[in-house]
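Following UniProt numbering, the numbering of the sequence shown begins with 1 at its first residue and continues without gaps.
Here a beta-carbon is modelled for each residue, glycine too, at the ideal position from N, C-alpha and C.
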Amino acid sequence: MRGVIMDAPGEIRVDERATPTIEEPTDAIIKVAATCVCGSDLWPYRGVEDVDHAPMGHEYVGTVTEVGDEVTTVSVGDFVVGSFFASDNTCEICRAGYQSRCVHAHPMGAVGTQAEYARIPLADGTLVATPGHPDEELIPSLLAASDVLGTGWFGAVAAEVGHGKTVAVVGDGAVGLLGVLAAKHLGAERIIAMSRHPARQALAREFGATDIVVERGDEGVARIKDLTDGLGAHSVIEAVGTQESMLQAIRSARPGGHVGYVGVSHDVELPGLELFFSGVHLHGGPAPVRRFLPELIDLIWNREIDPGKVFDLTLPLADAAEGYRAMDERRATKVLLTV
Ligand SMILES: [Zn+2]
Numbered sequence: 001m002r003g004v005i006m007d008a009p010g011e012i013r014v015d016e017r018a019t020p021t022i023e024e025p026t027d028a029i030i031k032v033a034a035t036c037v038c039g040s041d042l043w044p045y046r047g048v049e050d051v052d053h054a055p056m057g058h059e060y061v062g063t064v065t066e067v068g069d070e071v072t073t074v075s076v077g078d079f080v081v082g083s084f085f086a087s088d089n090t091c092e093i094c095r096a097g098y099q100s101r102c103v104h105a106h107p108m109g110a111v112g113t114q115a116e117y118a119r120i121p122l123a124d125g126t127l128v129a130t131p132g133h134p135d136e137e138l139i140p141s142l143l144a145a146s147d148v149l150g151t152g153w154f155g156a157v158a159a160e161v162g163h164g165k166t167v168a169v170v171g172d173g174a175v176g177l178l179g180v181l182a183a184k185h186l187g188a189e190r191i192i193a194m195s196r197h198p199a200r201q202a203l204a205r206e207f208g209a210t211d212i213v214v215e216r217g218d219e220g221v222a223r224i225k226d227l228t229d230g231l232g233a234h235s236v237i238e239a240v241g242t243q244e245s246m247l248q249a250i251r252s253a254r255p256g257g258h259v260g261y262v263g264v265s266h267d268v269e270l271p272g273l274e275l276f277f278s279g280v281h282l283h284g285g286p287a288p289v290r291r292f293l294p295e296l297i298d299l300i301w302n303r304e305i306d307p308g309k310v311f312d313l314t315l316p317l318a319d320a321a322e323g324y325r326a327m328d329e330r331r332a333t334k335v336l337l338t339v
């Protein structure tokens, strides 16, 4: 089969990879219908994380072609969505709703789903079948549920977004934009998107943002304070993962407020004394997307949300290298690869 391989930073190749087969009785094999390039794929692409001839990709939707003997909840022919972490969904951590930290968690990035087929470990715990075969136009939104929607949703839930609250969103990538969508759905009264990119500002407004702040860092924090009677937001979604964005998020929250941080943290160090006196709640990490999948699939299936709008470039798998370049150069927010 064909699959994406990153040989070294900046070097993407689509080449032959071994077609996956059932290795464990709990595995399923899917024929990938669509996959995508993630913001987190840019960390190795830019040389921030090590990479050496690695298969790439952890987001996926597709049709089950084969199941192991112990798989009971999905069958051959089902159209499925899964999280970027495989999980058993039965251990104590999973049952508490933290499937991405399952005691048997398996990162799908190690599988590499930017490919024609993918082996899904722990299929019963990982995959959720859609009610039927989806119409073509639903596929981008279902694919978004695999990571960026689920991650933005967790950011909002971790930030305790709710009715009547003011929410600030740091980061205007796909996760930040879908954090806006989640905040709207969860009843936020005011949603402040922090972005200086006109197309992303427009999509943020479409998803429910009521205010846009273009300033960053201390100036951005000052603008959030201006908009909230000097107090700061009740809830802040942090969807970048840098020192600047994390401090911007913490400083934009009011005392007693909540920060949901879902940007993969890179070299972030928090000043303890400032954190102590901030009085904010911090919660985040790799999103337990599996917790939210049944609800998100339902909302998409009933056309109540349209998260697939974050995909602004669609390319065939063979052109994955151009997809990576477009995201790296910020010419695209999120790139869908058709398989
Ligand atoms: Zn588990």
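Best match in the options for proximity to residue i [C-alpha to C-alpha]
i: glycine 323; options: Glu16, Gly57, Gly47; result: Gly57
i: valine 268; options: Leu247, Glu136, Ser252; result: Leu247
i: threonine 72; options: Gly125, Ala183, Thr166; result: Gly125
i: valine 64; options: Pro294, His133, Ala159; result: His133
i: proline 121; options: Gly164, Pro140, Val67, Glu137; result: Val67
i: histidine 185; options: Val259, Ala202, Phe207; result: Phe207
i: glutamate 244; options: Pro255, Thr228, Asp226, Gly220; result: Gly220
i: proline 316; options: Ala18, Val180, Val335; result: Val335
i: glycine 263; options: Ala174, His53, Leu138, Val103; result: Ala174
i: threonine 242; options: Glu136, Arg13, His266, Asp7; result: His266
i: alanine 321; options: Asp41, Asp50, His283, Glu295; result: Asp41
i: glycine 285; options: Gly187, Leu181, Arg101; result: Arg101
i: tyrosine 261; options: Gly279, Val236, Ser278, Val280; result: Val236
i: threonine 314; options: Val214, Glu274, Val37; result: Val37
i: glycine 47; options: Val74, Ile12, Thr26; result: Ile12
i: alanine 188; options: Val161, Phe277, Val259; result: Val161
Whole-angstrom C-beta distance between residue j and residue i, which should lie under 8 Å
i: aspartate 218; j: alanine 193; result: About 18 Å separates the two Cβ atoms, so there is no contact after all.
i: valine 289; j: threonine 151; result: 7 Å
i: valine 80; j: isoleucine 30; result: 6 Å
i: valine 51; j: alanine 18; result: Between alanine 18 and valine 51 the Cβ distance is about 19 Å, and since that is not below 8 Å, they are no contact.
i: leucine 142; j: valine 61; result: 5 Å
Residue i: first and last residue of the uninterrupted alpha helix (DSSP H) it sits in
i: phenylalanine 207; result: 198-207
i: tyrosine 45; result: 42-45
i: alanine 158; result: 148-158
i: glutamate 92; result: 92-95
i: histidine 185; result: 174-185
i: leucine 273; result: 272-278
i: valine 221; result: 217-227
Pair within 9 Å by beta-carbon distance, residue i and residue j
i: alanine 253; j: leucine 127; result: no
i: residue 423; j: arginine 196; result: No statement about residue 423 is possible, as the shown extent of the chain runs from 1 to 339 and does not include it.
i: leucine 177; j: alanine 204; result: yes
i: proline 131; j: tryptophan 301; result: yes
i: tryptophan 153; j: phenylalanine 311; result: no
i: alanine 34; j: proline 198; result: no
i: alanine 249; j: alanine 168; result: yes
i: valine 32; j: alanine 129; result: no
i: glycine 10; j: methionine 327; result: no
i: isoleucine 5; j: leucine 181; result: no
i: proline 25; j: aspartate 69; result: yes
Range of the contiguous beta strand (DSSP E) that encloses residue i
i: tyrosine 261; result: 253-261
i: tyrosine 117; result: 117-120
i: aspartate 211; result: 211-213
Exercise for review: Say whether the segment 232-240 touches the segment 326-339, bearing in mind that this needs 3 or more beta-carbon pairs closer than 8 Å, one atom from each stretch.
Suggested key: Judged by pairs of C-beta atoms under 8 Å, the segment 232-240 does not touch the segment 326-339, as fewer than three such pairs exist.
**Study point:** Given 8 Å, three or more beta-carbon pairs between the segment 98-113 and the segment 42-62
**Key:** Because the criterion of three Cβ pairs below 8 Å is met, the segment 98-113 and the segment 42-62 touch.
Practice item. State whether the segment 143-157 contacts the segment 77-87, with contact taken as three or more CB pairs (one from each stretch) at a distance under 8 Å. Key: Contact between the segment 143-157 and the segment 77-87 is present: 3 or more CB-CB pairs across the two stretches fall below 8 Å.
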